[in-house]
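Counted from 1, the sequence shown has number 133 at position 133 by full-length UniProt numbering; the numbering is strictly sequential.
All C-beta atoms, glycine included, are put in the ideal place defined by N, C-alpha and C.
All values reported here derive from a predicted model rather than from experimental measurement.
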Amino acid sequence: MFQLDVLIDISILPSNIMALRDDDFIDFVKEEARHAASALLEIQGINCVKSLLMTDNVYAIMDVKSKSLDGLKNKYGYIQDDGTFVIQLGLNLQNIISHHHHQQQYQNKRRLLHQIIQQKKPYPYPSIHQLLKIKHTIIIDTLNNWCENNKSKLNVQQFSLVEGEHYFILIQNDSNGALKCDIRCCCQKWSSLPLGRGKFQLLNFYRHLQGLNNICPALKKKISNPQSALPSPTNNPPPLITSNNVPQQVASPNQLPI
1 MFQLDVLIDI SILPSNIMAL RDDDFIDFVK EEARHAASAL LEIQGINCVK SLLMTDNVYA
61 IMDVKSKSLD GLKNKYGYIQ DDGTFVIQLG LNLQNIISHH HHQQQYQNKR RLLHQIIQQK
121 KPYPYPSIHQ LLKIKHTIII DTLNNWCENN KSKLNVQQFS LVEGEHYFIL IQNDSNGALK
181 CDIRCCCQKW SSLPLGRGKF QLLNFYRHLQ GLNNICPALK KKISNPQSAL PSPTNNPPPL
241 ITSNNVPQQV ASPNQLPI
């Protein structure tokens with residue numbers, strides 16, 4: 001019976017260990033595990049890692065009673081009183097294979113855990129300015145849709161309202177720090193837009209543009225003469241304003257719903 005008890009550190013395995021073949025593989029084994037292990041593999045034709053892993057028991061050959069193996073046994077080992085054969089300074093290949101397998105499993109689990117952690121990292125909240133721009137854009141898009149949907153009611157083929165020309169949006173904080181939005185028509189009429197379901201509602205401005213008993217004079221002029229210039233009020237507010245007390249930091253969507 002063949003027996004080996006010595007272990008070595010497998011952390012020395014090179015990254016290209018799976019690519020080593022023939023002499024390169026045997027030379028590596030000889031350098032790291034000494035001549036006994038390399039001779040044991042070479043005599044069996046084990047010339048790469050794959051071949052080694054496919055060998056059920058690399059020591060089985062040492063139990064074969066053949067004079068052709070006496071040289072290997074006498075050179076690299078000795079026979080104990082119980083008849084077992086030991087290679088001096090040898091390598092427990094079965095343990096190293098098992099250890100390497102467990103190390104691979106451990107590394108795979110670490111990589112998988114790292115990927116999961118990376119995927120679960122909280123997405124950075126948008127800044128205050130980004131949230132305000134989003135709400136600002138939603139108001140413009142909503143008004144554009146309203147113009148498109150009301151062309152037939154107004155009996156016109158082309159109808160659009162342009163921000164900065166026909167209306168002006170003012171978004172800021174009130175005295176309590178809550179967001180509020182007001183929109184001013186080019187006829188100087190202000191409309192307050194309440195915040196509902198995370199969006200500023202344009203119902204008040206719609207009523208101003210086209211109420212039951214009245215219609216915005218500027219809108220009426222635009223409908224009757226689409227090419228005419230609308231009044232240009234002085235001191236127009238910029239399209240997007242935030243008060244000085246708006247913190248320039250990351251905000252939670254729970255505080256500023258989109």
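- Partner residues in the beta bridge of F200, as assigned by DSSP, are L195.
- C216 is a Cβ neighbour of C185, given a cutoff of 7 Å.
- By a beta-carbon distance limit of 8 Å, F28 does not contact L40. Their separation comes to about 14 Å.
- When the beta-carbon positions are compared, I17 and V58 stay at least 7 Å from each other.
- In the DSSP assignment, D27 falls within the unbroken alpha helix (DSSP H) covering D22 to E42.
- In chain order, D182, I183 and R184 place their CB closer than 8 Å to the CB of W190, counting only its own chain and leaving out the 5 sequence neighbours on each side.
- For the set P14, L13 and N47, the Cα lying nearest the Cα of I26 is the one of N47.
- Between K199 and I138 a beta carbon distance of about 6 Å is seen, short of the 8 Å cut, so the two are scored as contacting.
- Closest in C-alpha terms to Q210, from the list L179, L143 and E163, comes L143.
- Ranked by Cα distance from L170, the first of D81, K153, N74 and K133 is K133.
- At least 7 Å separates the beta-carbon of F159 from that of K153.
- Each residue's CA atom was taken as its position, placing R111 and L52 some 26 Å apart.
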